[in-house]
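Numbering (my numbering), first residue to last: 330 to 1208.
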């Protein structure tokens, strides 16, 4: 029997589809390499020193300063070259606090320091001065006002004060003004103080770091400030929501993060990233004597702690929180470095592998990154462009706080393990001097040669030494490169925030190799800082690659055939969101106008779930399903999914099924949301619907969809496209579920259809739908179109010439059938179909009009005389 009992729903006003190249990430596993072979397998770049200290030649000032915050990279004047900001600490100077170093790139391999001319000075903060005016800890770059120019935020915890040059002084901080400072970028490398005008809180909070993040995906950068308390006064974390007019409003309770990691502890660092690929950025926090914690974004403007359930161990002294996909499986992994200002304490770094189900596994020992010394900033970057992220870890060392201060450069071996090559590559910097505490680092391609360079900064030494005893230099190491290539990607949001914070980017090269990254700022050392620079992807020896961007808005953009060595800018929506090339919509497909708005009293049965089983092929013969949301004004909660391999549960042989289906949802404005492997994003939301696929290779999208608005042409009309990820063909089931509480909304699934290749035997086109249990029967029109498709779209040269249509109930019993709609049998049925305004335009096409009580129904479309071809099956709820 051709009946499939557990169907759901589908349909499609869009009856044409031209394939576009789209790249999707998937899990990839890399074979283990025997230890004896490993040394041979390492990149040839390891044979020569990769880095050279060019600090003096590049104009980096070897001034003895101290700092807590990390240096950050960003193009401050929009000239296409990265500039550099390096923080300082006022106690390093007996003559008073200097401004941060603001190094402007001269585009010839050198920099010049703007100094006080940058505007980053307490003098720009009228009425707010203290001896601790430059104890800036967390530095962050982000374009909060959307003018295309980077702005600057500095968090300043005034826990040290007194006369310049003195140390270990505990002031009465309750009498001091807030030091957190916001500066608007002027576009030339200078800044103007604007914290008061922007509405940042002036009350006492001890900000230690700030992070720009669009936490609610409204297209505007918000600001989260992680605060620390002192021995005299408690403090809480603050979340500022961007009002979109250059000002901010404080979010009540910081959206659940106000007391994150205790709030009154010494927690000082934070990093946002979308670890579960659900489209919303989550956050991890940590710091001195504060247990690290992971908070999940609930997608409703709040966060919830998931540390234990996610598999993270809540340990103290986190100094580096580095997100990166080290094994190229499209999931962000997390490295946590640990250290203390003095003493050994609870150290030991951790690498957490992302399992793809919202949990992590500690693979530190297996990966060979189990260092137990005093470490601070940790930064991921593919320094040799071999396609695998490497990891640089700054070690404060010294005999006071642990053995040695040789920094670590973990080279990624490509098999899930790492080898420390820092000394061989020239970036170990081992001195073991009491005042030389290597704490801070950041990758950035300052000379645009396609290879990541490295800046390293010494922090405050364990004895809090000042003046000439504080050997806190900062260093620039030039990457000498090799024969490998890279691609750099800048992002420009339109619906999403302009910086593209939260966008996920996948680069595919050499057939099937991928590199994956999320834009969470970059350009900083993940120690209380956030920069802004292009995303960098090593692609090995490949000469061309494809780039896909999944924006926070859900828009997907694809750029094919990007040449190696390119730096590109992808603007959100530039490729039509991945929308197929438009072709005419057949006249037989109704506009929403003929569909009456349902009368609320009494409601008729609604189409709750609709689906179609189809033989998915390639080219014009992929599966295209469309539906219309109509009635009422409230949005409709839906789940769209496509099944393939799990159809073996329904008795279909695996050899005939679509093994790895992909799903796209095309919205009325031309944007597209896509999914390959349903757990890759929105896993929690999909699980909550109760309709999650049973096979990880199947795809699903949870979407809240606005209904038809008669004043907006094209509104309320949605199209799902099913293709194969691996280029295969086979039977698939595409479904749409109404997951609103039944009767909760007048908006409903009204008109649904699917276009696909109609074969013979088990490969006919099977559509299913469920009529809900509202009080009265639902009048439903079903159509099977074939020959008219070629009239609308000349590209369809193999349309089914004589379609037939059957309607069956939940038991598979035939209710009625039709071949040629005008020969419908019952008196007056032809007139009734014509009166709907939806009659087929070709007499050989089939149609059935019935009032249906609540229940499960199946339509079967096939060709008369066992013929085959492209067909369109449709189900319309008329009122």
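Ideal Cβ positions, reconstructed from N, Cα and C, are used throughout, including at glycine.
*Distance, Cα to Cα, residue 473 vs residue 864?*
Straight-line spacing of the CA atoms in residue 473 and residue 864 works out to 20 Å.
*Would you report the Cα separation of residue 589 and residue 949, rounded to the nearest angstrom?*
Answer to the nearest angstrom: the Cα atoms are 52 Å apart.
*So, using beta-carbon positions, are residue 756 and residue 771 closer together than 9 Å?*
The answer is no: Cβ separation not under 9 Å.
_8 Å Cβ shell around residue 1198 - same chain, five flanking residues per side excluded_ = 1086, 1087, 1115, 1127, 1128, 1129, 1130, 1192.
*Nearest-angstrom Cα distance between residue 573 and residue 435?*
Rounded to the nearest angstrom, the two C-alpha atoms are 34 Å apart.
*Taking the alpha-carbon positions, what's the residue 880 to residue 828 distance?*
Near 11 Å, if we compare the C-alpha coordinates of residue 828 and residue 880.
*asked:* Just verifying my parser: in three-state terms, what is the DSSP assignment at residue 582?
replied: DSSP places residue 582 in helix when its eight states are reduced to three.
*Which residue from 1185, 1160, 808, 640 puts its Cα closest to that of residue 1140?*
Closest by alpha carbon: 1185.
*asked:* Quick check on the DSSP output: the alpha helix (DSSP H) that includes residue 526 runs from which residue to which?
replied: The continuous alpha helix (DSSP H) containing residue 526 extends over residues 524 to 527.
*Could you check which residue in 858, 443, 1097, 820 has the C-alpha nearest to that of residue 601?*
Nearest Cα to residue 601 within the set 858, 443, 1097, 820: 858.
*Looking at C-beta atoms only, is the number of pairs between the segment 602 to 614 and the segment 1010 to 1020 that lie closer than 8 Å three or more?*
Yes: at least three Cβ pairs fall under 8 Å.
*Quick one: Cα of residue 871 to Cα of residue 892, how far?*
Rounded to whole angstroms, the gap between the alpha carbons of residue 871 and residue 892 is 9 Å.
*So what does residue 1111 bridge to, in DSSP terms?*
As DSSP reads the structure, residue 1111 sits in a beta bridge with 1177, 1204.
*So, are the CB atoms of residue 897 and residue 813 less than 9 Å apart?*
Against a cut-off of 9 Å, the Cβ pair of residue 813 and residue 897 comes out as no contact.
*Going straight from the alpha carbon of residue 335 to that of residue 972, what length do you get?*
Confidence at residue 335 is low in this model, with a pLDDT of 26, below 50, so the placement of that residue should be treated as unreliable; the coordinate-derived value is given next. Linking residue 335 to residue 972 through their CA atoms gives a straight-line distance of about 12 Å.
*Does the distance from the CB of residue 690 to the CB of residue 638 come in under 9 Å?*
Here residue 690 is not near residue 638, since their CB atoms are 9 Å or more apart.
*asked:* Between the alpha carbons of residue 1212 and residue 1144, how many angstroms are there, rounded?
replied: Here the chain covers residues 330 to 1208 and nothing more, so residue 1212 does not appear.
*Out of curiosity, what's the CA-to-CA distance linking residue 482 and residue 511?*
C-alpha separation (whole angstroms): 5 Å.
*Over what stretch of residues does the beta strand (DSSP E) that includes residue 1061 continue unbroken?*
Taken as a continuous stretch (DSSP letters only), the beta strand (DSSP E) holding residue 1061 covers 1059 to 1067.
*Helix, strand or coil: how does DSSP classify residue 982 here?*
DSSP places residue 982 in coil when its eight states are reduced to three.
_Between 753, 630, 745, 549, which has its C-alpha nearest residue 695's C-alpha?_
When only C-alpha atoms are compared, the closest one is 745.
*asked:* I'd like the span of the beta strand (DSSP E) that includes residue 877, first residue to last.
replied: 873 to 879 is the span of the beta strand (DSSP E), which, as asked, contains residue 877.
_To the nearest angstrom, how far is the alpha carbon of residue 579 from that of residue 553?_
Per the coordinates, the alpha-carbon of residue 579 lies some 10 Å from the alpha-carbon of residue 553.
_Environment of residue 1189 [buried if 16+ CB atoms lie within 10 Å]_ = Here residue 1189 is buried. Its C-beta has 16 or more other C-beta atoms within 10 Å.
*Among 1015, 1206, 449, which residue has its Cα nearest to the Cα of residue 515?*
The candidate whose alpha carbon is nearest that of residue 515 is 449.
*residue 682 bridges to which residues according to DSSP?*
Residue 682 pairs with 690.
*Which of the three DSSP states, helix, strand or coil, is assigned to residue 1150?*
Coil.
*Report yes if the C-beta distance between residue 1031 and residue 968 is below 9 Å; otherwise report no.*
In this structure, residue 1031 places its C-beta atom within 9 Å of the C-beta atom of residue 968.
*How many angstroms separate the CA atom of residue 887 from the CA atom of residue 837?*
Separation of residue 887 and residue 837 (C-alpha to C-alpha, rounded to the nearest whole angstrom) is 11 Å.
_At the level of alpha carbons, what is the spacing between residue 805 and residue 754?_
Going from the Cα of residue 805 to the Cα of residue 754 covers about 14 Å.
*Over what stretch of residues does the alpha helix (DSSP H) that includes residue 322 continue unbroken?*
A question about residue 322 goes unanswered here, because the residues of the chain that appear run from 330 up to 1208.
*Considering only C-alpha positions, which residue in the set 587, 1200, 848 is nearest to residue 609?*
With distances taken between Cα atoms, residue 609 lies closest to 848.
*Taking the continuous alpha helix (DSSP H) assigned at residue 849, which residues delimit it?*
It is not in any alpha helix (DSSP H) - residue 849 carries neither H nor E in the DSSP assignment.
*asked:* Based on DSSP bridge pairs, tell me the residues matched to residue 838.
replied: In the DSSP assignment, residue 838 forms a beta bridge with 842, 874.
*Closest to residue 822 by CA distance: which of 1167, 866, 840, 882 is it?*
Of the candidates 1167, 866, 840, 882, the one whose C-alpha sits nearest the C-alpha of residue 822 is 882.
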